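If you're matching positions, the sequence shown starts at 9 in the working numbering and goes up one per residue. Using N, Cα and C, we set each Cβ at its ideal position, and we do this for glycine too. If you're wondering where the values come from, they're calculated on a predicted model, not measured in any experiment.
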Amino acid sequence: VIEQSPLARIAPLTYVSVQSEEGPEVVSLTSDEVAIIRDGMFQAPLDERLLHRINAAENTFIREITLDARSVSAHARLEAALA
């Protein structure tokens with residue numbers, strides 16, 4: 009889920025959360041993990057500011073993106089489990 013503040017006069021406040029069946033958990037991301045999220049979700053020309061403008065125009069500040077676990081390779085799942 010990507011959520012942005014609807015406030016227009018400040019820099020966009022963007023929250024990215026991952027939902028799982030195991031329930032909520034707050035984790036501290038490493039700088040590499042933050043870079044993966046930033047690079048994977050915000051690729052040129054889309055950045056946080058442009059998404060904020062789009063959200064304001066559509067009056068939609070929460071966006072859900074569903075990831076089918078079957079699309080994640082076994083190697084990636086194993087690497088995540090071992091991390």
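A residue is called buried once 16 or more other Cβ atoms fall within 10 Å of its Cβ, and Asn67, having fewer, is exposed. If the five residues before and after Ile70 are omitted, its C-beta is found closer than 6 Å to the C-beta atoms of Glu11, all from its own chain and listed in chain order. Rounded to the nearest whole angstrom, the CA to CA distance from Pro20 to Leu37 is 20 Å. Our two residues, Val26 and Val9, have alpha carbons roughly 6 Å apart in a direct line. In this structure, the beta-carbon distance from Ile45 to Val24 falls below 7 Å. In this structure, DSSP gives Ile62 a helical state, which the three-state scheme calls helix.
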